[in-house]
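Engineer: Got a structure for you, questions after.
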Amino acid sequence: MHEMGVAMQIIEIATASIPKNMALARVERVNLKIGKLSAVVSDSLRFCFDIAVKDTPLEGAELKIDEIPVVAHCNDCGFQWTIEAAVFTCPKCTSGNIELLSGRELDIESIEIAEKEKFSE
Amino acid sequence: MISSMLPGFKTSRALHHEHAHNHVHVHEEQLAGGTDTRKSGTRDIKVARRVLDANDTMARQNRKLFVEKNVFVLNMMSSPGSGKTTILERTLSRVMPNIRSAVIVGDICTTNDADRLAVSGAPVVQINTDEFGGDCHLAAHVIEKALGGIDLNAVDLLIVENIGNLVCPAEFDIGEDSRVVVLSVTEGEDKPAKYPLMFRQCDAALLNKIDLLPYLDYDRQAAIGFIHQVHPGIPIFEISAKTEEGFEHWLEWLKGKVNGKVGLQ
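Chain order of the listed sequences is A and B.
In short: position in the first sequence from 1, add 45, done, that's the numbering used here.
In short: position in the second sequence from 1, add 3, done, that's the numbering used here.
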């Protein structure tokens with residue numbers, strides 16, 4: 046429901062990440078990681094992103110979303126598994142003393158900038 | 004000697020980076036300089052930052068202020084209509100004036116909840132999210148703004164009644180000490196399984212409106228089962244905000260939490 050706000054944050058961070066000597070460069074792609082437990086819907090985010098990039102250095106950029114599975118580790122028996130349904134107990138020993146190793150991501154990994162621009166090094 | 008140490012140094016830095024990637028993503032040196040790797044036609048600029056960085060930073064500032072001012076902050080969340088405001092009315096009337104309390108209440112519009120809570124005598128700040136350009140959750144900067152209306156020096160407990168929504172508020176840290184989710188027996192028993200992040204993020208769950216149980220086909224054991232399936236071991240308080248049944252355990256938990264941080268007289 047807050048995908049527009051998230052899209053605007055992505056644009057802000059991505060724009061700030063463009064090196065100064067590439068200020069006129071066109072951002073072709075934003076590589077994003079979204080954990081499956083995060084409260085963001087990928088399709089809605091893409092929709093909002095495509096609207097929000099207008100008149101920014103990211104106009105026309107593709108939003109590449111890598112969906113990260115929810116991986117848990119049992120602190121009691123050491124078992125590690127991918128959580129598919131909303132059950133957060135260890136399937137081996139039924140312990141609830143678990144730690145999530147991934148699944149909460151909402152991270153910008155990198156941006157890709159068109160190489161054809163002329164850069165002053 | 005030096006040459007044999009260098010590869011070791013590199014390895015430990017590489018490991019450090021792998022470790023960092025599993026957690027919070029802040030790589031100052033990459034932000035400043037940009038690490039470029041050449042691919043055909045495009046140039047990769049490493050960013051490695053959380054999208055909600057700005058919110059997390061503001062939440063940390065809020066949390067620091069709450070420590071300085073010795074205030075315990077509770078973030079109360081639920082779907083609309085589960086009874087948050089009534090729970091707060093009754094809670095305030097039971098804990099005040101021993102625990103000096105204040106409330107920030109978020110809604111998309113109206114000041115109805117603030118009007119109801121103000122009767123308790125606690126300072127109440129109403130936030131209408133449309134003024135802030137958001138509509139589904141309270142973000143850390145909104146809380147920071149609302150704090151201008153509260154004298155934190157005269158407060159032990161600040162309760163934030165979040166926007167009625169089981170999705171978005173779970174994602175936004177506001178600098179709180181504890182989070183509580185309210186579920187009422189007029190909702191589906193399986194809501195915790197439908198909104199797992201919310202129930203995992205909270206430190207306690209309130210199952211409200213139990214006075215209605217005789218009139219409903221609600222399976223409370225199933226509901227409790229779903230909550231524990233998503234968050235094993237989370238304390239669950241079965242209450243009725245209307246009759247105050249079950250309030251002793253809830254208030255005992257709350258007082259324990261407040262006392263644990265601020266040390267009540």
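Every residue, glycine too, gets a C-beta built ideally from N, C-alpha and C.
Computed from a predicted structure; not experimentally measured.
Does DSSP put B/L216 in a helix, a strand or coil?
Structural biologist: In the second sequence, residue 216 of chain B corresponds to position 213, counting from 1. Note: B/L216 maps to helix in three-state DSSP.
Engineer: Given a cut-off of 8 angstroms on the beta-carbon distance, is the pair A/E144 and A/A106 in contact?
Structural biologist: Your numbering for residue 144 of chain A matches position 99 in the first sequence. Your numbering for residue 106 of chain A matches position 61 in the first sequence. No; because the gap between Cβ atoms is not below 8 angstroms, this pair is not in contact.
Engineer: Does chain B have any CB closer than 8 angstroms to the CB of A/E157?
Structural biologist: Walking along the first sequence from the start, residue 157 of chain A turns up at place 112. Yes, because at least one Cβ of chain B sits closer than 8 angstroms to the Cβ of A/E157.
Engineer: The alpha helix (DSSP H) that contains A/R74, what's its start and end?
Structural biologist: Residue mapping note: residue 74 of chain A aligns to position 29 of the first sequence, counting from 1. Counting along the chain, A/R74 falls outside any alpha helix (DSSP H), though it belongs to the beta strand (DSSP E) covering 72-80.
Engineer: Just the C-alpha distance for B/D159 and B/R97, rounded to the nearest angstrom, thanks.
Structural biologist: Translated into positions along the second sequence, residue 159 of chain B becomes position 156. Translated into positions along the second sequence, residue 97 of chain B becomes position 94. Answer to the nearest angstrom: the Cα atoms are 15 angstroms apart.
Engineer: Runs of 3 residues minimum, wholly inside the stretch 158-208 of chain B: which ones carry the beta strand (DSSP E) assignment?
Structural biologist: Counting only runs of 3 or more, we get 160-164, 181-187.
Engineer: For the beta strand (DSSP E) containing B/E255, list its first residue and its last residue.
Structural biologist: By one-based count along the second sequence, residue 255 of chain B stands at place 252. Careful: B/E255 lies outside any beta strand (DSSP E), inside the alpha helix (DSSP H) at 250-265.
Engineer: Take the Cβ of A/C135 as the centre, count every other Cβ of all protein chains shown within 10 Å, and call the residue buried at 16 or more, exposed below.
Structural biologist: What you label residue 135 of chain A is simply residue 90 of the first sequence in a count that begins at 1. Buried.
Engineer: State the Cα-Cα distance for the pair B/G109 and A/N66, rounded to the nearest angstrom.
Structural biologist: Here residue 109 of chain B corresponds to residue number 106 of the second sequence, with the count starting at 1. Here residue 66 of chain A corresponds to residue number 21 of the first sequence, with the count starting at 1. Taking the straight line from one Cα to the other gives about 44 angstroms.
Engineer: Locate the alpha helix (DSSP H) running through A/L146, then write down its first and last residues.
Structural biologist: Here residue 146 of chain A refers to the residue found at position 101 when the first sequence is read from its first residue. Premise fails: A/L146 lies in the beta strand (DSSP E), 143-147, not in any alpha helix (DSSP H).
Engineer: Pick from B/T113, B/A57, B/A157, B/V106: whose alpha carbon is nearest that of B/L120?
Structural biologist: Mapped onto the second sequence, residue 120 of chain B falls at position 117. Among B/T113, B/A57, B/A157, B/V106, the Cα nearest to that of B/L120 is on B/V106.
Engineer: What are the partner residues of A/H118, as DSSP defines its beta bridges?
Structural biologist: The residue you call residue 118 of chain A lines up with position 73 of the first sequence. Answer is A/Q125, A/E144, bridged to A/H118.
Engineer: Give the interface partners of A/I153 over in chain B, defined as CB-CB distance under 7 angstroms, in chain order.
Structural biologist: By 1-based counting over the first sequence, the position of residue 153 of chain A is 108. Simply V50, R52, V54.
Engineer: Return the chain-ordered ranges of every alpha helix (DSSP H) run that is complete within the stretch 114-154 of chain B and spans a minimum of 4 residues.
Structural biologist: Segments of the alpha helix (DSSP H) lying fully in the stretch 114-154 of chain B: 115-121, 143-149.
Engineer: Which residue or residues does DSSP assign as beta-bridge partners of A/G152?
Structural biologist: The sequence position of residue 152 of chain A within the first sequence is 107, counting from 1. As written in the sequence, residue 152 of chain A is Asp, which differs from the Gly given in the question. BP columns for A/D152 point to A/K78, B/R53.
Engineer: With H, G and I counted as helix, E and B as strand and the rest as coil, what does DSSP make of B/M79?
Structural biologist: Looking up residue 79 of chain B in the second sequence gives position 76. In the structure shown, B/M79 sits in a strand (DSSP, three-state: E or B).
Engineer: Could you confirm whether any beta carbon from chain B is found closer than 8 angstroms to the beta carbon of A/E73?
Structural biologist: Within the first sequence, residue 73 of chain A is the residue found at index 28, counting from 1. Chain B contact via Cβ: present.
Engineer: Let me see if you follow: with CB-CB separation under 8 angstroms, is A/F94 close to chain B or not?
Structural biologist: Taking the first sequence and counting its residues from 1, one reaches residue 94 of chain A at position 49. A/F94 does not count as touching chain B.
Engineer: Give me whichever residues DSSP pairs with B/D110 in a beta bridge.
Structural biologist: Within the second sequence, the letter at position 107 stands for residue 110 of chain B. Paired residue(s): B/N131.
Engineer: With the cut-off set at 8 angstroms, would you say A/F124 and B/H234 are in Cβ contact?
Structural biologist: Counting from 1 along the first sequence, the entry for residue 124 of chain A is found at position 79. Counting from 1 along the second sequence, the entry for residue 234 of chain B is found at position 231. Contact flag unset, no.
Engineer: B/T89 to B/R203, Cα distance in whole Å?
Structural biologist: As a position in the second sequence, residue 89 of chain B is number 86, starting the count at 1. As a position in the second sequence, residue 203 of chain B is number 200, starting the count at 1. Near 24 angstroms, if we compare the C-alpha coordinates of B/R203 and B/T89.
Engineer: Smallest Cα separation from B/A225: which of B/N78, B/D206, B/E190, B/L215?
Structural biologist: For this step, residue 225 of chain B is matched to residue 222 along the second sequence. Here the closest residue by C-alpha is B/E190.
Engineer: Any residues in the stretch 82-112 of chain B with a beta carbon nearer than 8 angstroms to a beta carbon of chain A? Which ones, in chain order?
Structural biologist: Listed by position along the chain: nothing, the set is empty.
Engineer: At least one CB of chain A closer than 8 angstroms to the CB of B/G37: is that the case?
Structural biologist: Reading the second sequence from its first residue, position 34 is the one you call residue 37 of chain B. For B/G37, the predicted structure reports a pLDDT of 45, less than 50, and the residue's modelled location is therefore unreliable. The matter cannot be settled from this model.
Engineer: Could you give the DSSP three-state label for A/F133: helix, strand or coil?
Structural biologist: Mapped onto the first sequence, residue 133 of chain A falls at position 88. Three-state result, A/F133: coil.
Engineer: Quick one: what does DSSP say A/D111 is sitting in, helix, strand or coil?
Structural biologist: Residue mapping note: residue 111 of chain A aligns to position 66 of the first sequence, counting from 1. In the structure shown, A/D111 sits in a strand (DSSP, three-state: E or B).
Engineer: Just to make sure I have the definition right: I need the residues of chain B whose C-beta is within less than 8 angstroms of the C-beta of A/F133. Which are they?
Structural biologist: Position 88 of the first sequence holds residue 133 of chain A. Ordered by position in chain B, the residues that pass the 8 angstroms Cβ test against A/F133 are P199, R203, Q232, V233, H234, P235.
Engineer: Could you check if B/E174 is buried or exposed, using at least 16 other CB atoms within 10 Å of its CB as the buried criterion?
Structural biologist: Along the second sequence, one-based indexing puts residue 174 of chain B at 171. Buried, since its Cβ has 16 or more Cβ neighbours within 10 Å.
Engineer: Can you tell me the Cα-Cα spacing of B/G249 and B/M201, whole angstroms?
Structural biologist: Along the second sequence, one-based indexing puts residue 249 of chain B at 246. Along the second sequence, one-based indexing puts residue 201 of chain B at 198. If you take the alpha carbons of B/G249 and B/M201, they lie about 23 angstroms apart.
Engineer: Alpha carbon to alpha carbon, how far is B/K245 from A/S87? Give it in angstroms, no decimals.
Structural biologist: By 1-based counting over the first sequence, the position of residue 87 of chain A is 42. By 1-based counting over the second sequence, the position of residue 245 of chain B is 242. Their Cα atoms are separated by approximately 40 angstroms.
Engineer: Which residue or residues does DSSP assign as beta-bridge partners of B/A105?
Structural biologist: Along the second sequence, read from residue 1 onward, the residue named residue 105 of chain B stands at position 102. In the DSSP output, where bridge partners are listed per residue, B/A105 has B/L161.
Engineer: Just to confirm the assignment, what range does the beta strand (DSSP E) spanning B/E241 have?
Structural biologist: For the purposes of this step, residue 241 of chain B is identified with residue 238 of the second sequence, where counting begins at 1. Note, B/E241: beta strand (DSSP E), 239-241.
Engineer: Taking one C-beta from the stretch 54-68 of chain A and one from the stretch 148-166 of chain B each time, how about it: are there three or more such pairs within less than 8 angstroms?
Structural biologist: As far as the Cβ criterion goes, the stretch 54-68 of chain A does not touch the stretch 148-166 of chain B, which means the pair count is below three.
Engineer: Indicate the three-state DSSP secondary structure (helix, strand or coil) for B/N211 in the structure shown.
Structural biologist: Taking the second sequence and counting its residues from 1, one reaches residue 211 of chain B at position 208. Three-state result, B/N211: strand.
Engineer: How would you write the range of the alpha helix (DSSP H) that B/T89 sits in, first residue to last?
Structural biologist: As a position in the second sequence, residue 89 of chain B is number 86, starting the count at 1. That run of the alpha helix (DSSP H) goes 87-98.
Engineer: Short check: CB of B/N65 to CB of B/A143, under 8 angstroms?
Structural biologist: One-based indexing of the second sequence puts residue 65 of chain B at position 62. One-based indexing of the second sequence puts residue 143 of chain B at position 140. Cβ atoms of B/N65 and B/A143: closer than 8 angstroms.
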